[in-house]
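Chemist: All residue numbers for the sequence shown refer to our numbering, where the first residue is 27 and numbers rise by one.
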Amino acid sequence: MSKMKSQKLFIKTLGCQMNDTDSVHIAEELKKHKNYNVTTSIEEADLIIINTCSVRDKPVQKLFSELGQFRSKKKKGAKIGVCGCTASHLGKDIIKRAPYIDFVLGARNISKIKDVIDVKGAVEISIDNDESTYDFASSHTSRFKTNINISIGCDKECAYCIVPATRGKEISIPPEMIIEQIKKDVQSGVVEVMLLGQNVNSYGRRFSDKRQKTSFTKLLQEISLIEGLERIRFTSPHPLHMDDEFIEEFSTNPKIAKCIHIPLQSGSSKILKVMKRGYSKEWFLNRVEKIKNKVPNVRITTDIIVGFPSESHEDFLDTIDVMKKVKFDQIYNFKYSPRPNTSALKLEDKAIDDKTSSNRLTQVIELHKTHQVELMHSNIDKIVDVLFENLKANGEVSGFTDNLCQVFVKGSDELLGKIVKVKIISASRTSLKAEVLKL
Ligand code: SAH
Ligand code: SF4
Ligand code: F3S
Numbered sequence: 027m028s029k030m031k032s033q034k035l036f037i038k039t040l041g042c043q044m045n046d047t048d049s050v051h052i053a054e055e056l057k058k059h060k061n062y063n064v065t066t067s068i069e070e071a072d073l074i075i076i077n078t079c080s081v082r083d084k085p086v087q088k089l090f091s092e093l094g095q096f097r098s099k100k101k102k103g104a105k106i107g108v109c110g111c112t113a114s115h116l117g118k119d120i121i122k123r124a125p126y127i128d129f130v131l132g133a134r135n136i137s138k139i140k141d142v143i144d145v146k147g148a149v150e151i152s153i154d155n156d157e158s159t160y161d162f163a164s165s166h167t168s169r170f171k172t173n174i175n176i177s178i179g180c181d182k183e184c185a186y187c188i189v190p191a192t193r194g195k196e197i198s199i200p201p202e203m204i205i206e207q208i209k210k211d212v213q214s215g216v217v218e219v220m221l222l223g224q225n226v227n228s229y230g231r232r233f234s235d236k237r238q239k240t241s242f243t244k245l246l247q248e249i250s251l252i253e254g255l256e257r258i259r260f261t262s263p264h265p266l267h268m269d270d271e272f273i274e275e276f277s278t279n280p281k282i283a284k285c286i287h288i289p290l291q292s293g294s295s296k297i298l299k300v301m302k303r304g305y306s307k308e309w310f311l312n313r314v315e316k317i318k319n320k321v322p323n324v325r326i327t328t329d330i331i332v333g334f335p336s337e338s339h340e341d342f343l344d345t346i347d348v349m350k351k352v353k354f355d356q357i358y359n360f361k362y363s364p365r366p367n368t369s370a371l372k373l374e375d376k377a378i379d380d381k382t383s384s385n386r387l388t389q390v391i392e393l394h395k396t397h398q399v400e401l402m403h404s405n406i407d408k409i410v411d412v413l414f415e416n417l418k419a420n421g422e423v424s425g426f427t428d429n430l431c432q433v434f435v436k437g438s439d440e441l442l443g444k445i446v447k448v449k450i451i452s453a454s455r456t457s458l459k460a461e462v463l464k465l
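#1: From this set, Lys361, Gln356, Asn323 and Glu275, which residue's C-alpha is nearest glutamate 337's C-alpha?
#2: What first and last residue would you give for the beta strand (DSSP E) that runs through serine 452?
#3: Could you tell me which residues DSSP puts in a beta bridge with valine 435?
#4: Could you pull the DSSP bridge partners for methionine 220 from this structure?
#5: Quick check for students: name the residue ranges of the beta strand (DSSP E) that lie wholly in the segment 264-347, counting only runs of 3 or more.
#6: Measure the Cβ-Cβ separation of serine 383 and glycine 333 and say whether it is below 9 Å.
#7: Counting only runs that start and end within the segment 352-389, where is the beta strand (DSSP E) found for 3 or more residues in a row?
#8: How would you call threonine 193, buried or exposed, if buried means at least 16 neighbouring beta carbons within 10 angstroms?
#9: Measuring from the CB of serine 454, is there a heavy atom of ligand 1 at a distance below 8 Å?
#10: Over the uninterrupted alpha helix (DSSP H) stretch that includes phenylalanine 242, give me the two end residues.
#11: Keeping to the same chain, check which residues put their C-beta closer than 8 Å to that of isoleucine 143; ignore five residues upstream and five downstream.
#12: Would you give the residue range spanned by the beta strand (DSSP E) that alanine 460 belongs to?
#13: State the Cα-Cα distance for the pair aspartate 439 and leucine 417, rounded to the nearest angstrom.
#14: Helix, strand or coil, according to DSSP, for glutamate 157 in the structure here?
#15: What do you reckon, are the CB atoms on alanine 185 and histidine 115 nearer than 9 Å?
#16: Would you kindly work out how many angstroms separate the C-alpha atoms of valine 216 and lysine 281, rounded to a whole number?
#17: What are the start and end residues of the alpha helix (DSSP H) that includes valine 142?
#18: Does the distance from the C-beta atom of leucine 266 to that of glycine 223 stay below 9 Å?
#19: Can you tell which of Lys351, Leu413 and Val433 has its C-alpha closest to the C-alpha of histidine 397?
#20: Please confirm if alanine 104 has its CB atom under 9 Å from at least one CB of chain D.
#21: Helix, strand or coil for glycine 179, going by three-state DSSP, please let me know.
#22: Closer than 6 Å by C-beta to glutamate 315: which residues in its own chain qualify, once you throw out the five before and the five after it? Chain order, please.
#23: Can you give the Cα-Cα distance for alanine 453 and serine 404, rounded to whole angstroms?
#24: Using alpha carbons as the reference points, say which of Phe434, Lys244 and Leu430 lies closest to glycine 421.
#25: Apply the 10 Å Cβ neighbour rule to tyrosine 229 and answer buried if 16 or more other Cβ atoms are within range, or exposed otherwise.
#26: Given that a residue counts as buried once 16 or more other Cβ atoms are within 10 Å of its Cβ, and exposed if not, what is proline 366?
#27: With a 10 Å radius around its C-beta and 16 neighbouring C-beta atoms as the bar for buried, classify glycine 147 as buried or exposed.
#28: Considering Cα atoms alone, identify which of Lys209, Gln213 and Asp46 is closest to leucine 251.
#29: Check for me: the beta strand (DSSP E) holding phenylalanine 233 runs from which residue to which?
#30: Can you give the beta carbon distance from leucine 430 to valine 448, rounded, assuming they're within the 8 Å contact cut?
#31: Answer yes if the segment 147-163 comes into contact with the segment 338-350, meaning at least three C-beta pairs across the two stretches below 8 Å, and no otherwise.
#32: Would you mind working out which of Ile176, Arg82 and Met30 sits nearest lysine 244, comparing C-alpha positions?
#33: Is arginine 134 a contact residue of ligand 3, with contact defined as CB to any heavy atom under 8 Å?
#34: Rounded to whole angstroms, what is the Cα-Cα separation between proline 85 and threonine 368?
#35: Indicate whether the contact test is met: 3 or more Cβ pairs, each with one atom in the segment 277-292 and one in the segment 311-325, closer than 8 Å.
#36: Can you tell me whether DSSP reads methionine 27 as helix, strand or coil?
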């Protein structure tokens, strides 16, 4: 086979960590099969890809203006492709609206990237496509960390959420593929892994072949046996599936990092029911209390939606109440955004006006800031382990604690890739400064 000419790929990624991982997979597939190398310059790219998110309306609105910009900046003959969740949901309408787009590739069709780039007008968006056993390249996020998908799709039907319509039904990736990939990564210097899925703790219920069901807890146990792997993270778990067995494993397994994302969405049991989340305010608080009792230094992050249809002032106060009780370390907060293909669209007559939603959002943000300051300051004088990853030009080295606080120290590149004991000397709302105790 003659050697293919080297070409350049510019790829922009919106959305969640799954999309980040998909973008790495896209780039690696194109490198392996078509000799593309990534560039950060749109002007010199032979192929421009945007990997899109549909979860709220704003990024979708921005897509077409962004595509217009790509078109005006690109060099002659360069192609433009739209991938990801918006590709899944708008499909060929993207090409109808912007005929200069060369191809559209849905979030569940990443392995077909090598085929669609050469077919003008190709649209591959099936949400039944099963890529759970496709051998994608590993997706390092730094020299020491890697992301790995453990499942694709989502079986839930949360009333507000478009994801099941863009990523299809949930299928777990076989445990032996996950373990083998992590082992390979560890051999190349990785010490921390992030397990990804829309609903990680429902892992193991359906595979593409006939095999026995397994559980997320069991997967965690198997992964933690990998020698040389120091830290295991995962996102997102669903509060409903946080059974006692899972909490026990999370609390007692020393390799599982002690920061956990527990997406609340709303603190009101009434709204949670309308959202079809499957748990109540009491269940959520009970799970958090159980985890906090077992892991005193745990950090908890969450997602909150305000202004969901029919959310009354009292319902909102329930959200505030849960915030005060839990004191989340990080909150990703959103105003409800009506999405196509979701059941909440039927609740249009109960919509909350934008001013009220904005006001609620501001209250969440302000309260959260006070919690962040308090929580971060409580770290001062503590001795903690940090995995150092980055050396800055000013001589500072940064990394993360096991419970996901960002820490800066004065140091050199000899810290990189090591887990080192430090003493915290000061705190801001979002990061800590520390002194190295011993190497
Ligand atoms: N599978 C993940 C979340 C995926 S979407 C989970 O269940 O945790 C990420 C977040 O976007 C959600 O947790 C939710 O808070 C938010 N989100 C999803 N749909 C939304 C909508 N229509 N409007 C506003 N926020 C939304
Ligand atoms: Fe969306 Fe709910 Fe699935 Fe998360 S669990 S991706 S919020 S439907
Ligand atoms: Fe992720 Fe956005 Fe799709 S949050 S799953 S890229 S809709």
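Yeah, the Cβ is synthetic: ideal placement off N, Cα and C, and Gly gets one too.
Modeler: Well, looking at it:
#1: The alpha carbon of glutamate 337 has as its nearest neighbour, out of Lys361, Gln356, Asn323 and Glu275, the alpha carbon of Lys361.
#2: That run of the beta strand (DSSP E) goes 445-453.
#3: Partner(s): Val423.
#4: In the DSSP assignment, the residues bridged to methionine 220 are Asn173 and Arg259.
#5: Entirely contained in the segment 264-347, the beta strand (DSSP E) runs reaching 3 residues are, in chain order, 285-287 and 325-332.
#6: Yes, Cβ-Cβ distance for serine 383 and glycine 333 is below 9 Å.
#7: Fully enclosed beta strand (DSSP E) runs of 3 or longer: 356-361.
#8: In the sequence under discussion, the amino acid at residue 193 is arginine, which differs from the threonine named in the question. Here arginine 193 is buried, its C-beta having at least 16 other C-beta atoms within 10 Å.
#9: No; taking the cut-off as 8 Å, the Cβ of serine 454 has no heavy atom of ligand 1 nearer than that.
#10: Start and end: 242-249.
#11: These residues qualify, in order along the chain: Leu56, Lys60, Leu73, Lys105, Gly107, Asp128 and Phe129.
#12: Unbroken beta strand (DSSP E) run through alanine 460: 457-464.
#13: About 6 Å.
#14: Coil, per DSSP.
#15: Not a contact, by the Cβ cut-off of 9 Å.
#16: One C-alpha to the other measures close to 14 Å.
#17: 139-142 is the extent of the alpha helix (DSSP H) around valine 142.
#18: No, the Cβ-Cβ distance between leucine 266 and glycine 223 is not below 9 Å.
#19: Looking only at Lys351, Leu413 and Val433, the smallest Cα-Cα distance to histidine 397 is reached by Lys351.
#20: No chain D appears in the structure shown, which is made up of a single protein chain.
#21: Glycine 179 falls in the coil class under three-state DSSP.
#22: If we look at glutamate 315 and ignore the five residues flanking it on each side, it has no Cβ neighbours.
#23: Their backbone Cα atoms lie some 9 Å apart in a straight line.
#24: Nearest option by C-alpha distance: Phe434.
#25: Tyrosine 229 is buried by the Cβ-count criterion.
#26: By the neighbour-count rule (16 or more Cβ atoms within 10 Å), proline 366 is not buried but exposed.
#27: Burial call: exposed.
#28: When only C-alpha atoms are compared, the closest one is Lys209.
#29: Per DSSP, phenylalanine 233 belongs to no beta strand (DSSP E) and is neither H nor E.
#30: Contact between leucine 430 and valine 448 is ruled out by a C-beta separation of about 15 Å, above the 8 Å threshold.
#31: By the Cβ rule, the segment 338-350 does not count as touching the segment 147-163, because fewer than three pairs are nearer than 8 Å.
#32: Of the listed residues, the one whose Cα sits closest to lysine 244 is Ile176.
#33: No, Cβ of arginine 134 sits at least 8 Å from all heavy atoms of ligand 3.
#34: Straight-line Cα distance between these residues: approximately 17 Å.
#35: Because the criterion of three Cβ pairs below 8 Å is met, the segment 277-292 and the segment 311-325 touch.
#36: Residue confidence for methionine 27 is low, a pLDDT of 47 falling below 50, so the modelled location carries little weight; the figure read from the coordinates is stated next. Reduced to three states, the DSSP call for methionine 27 is coil.
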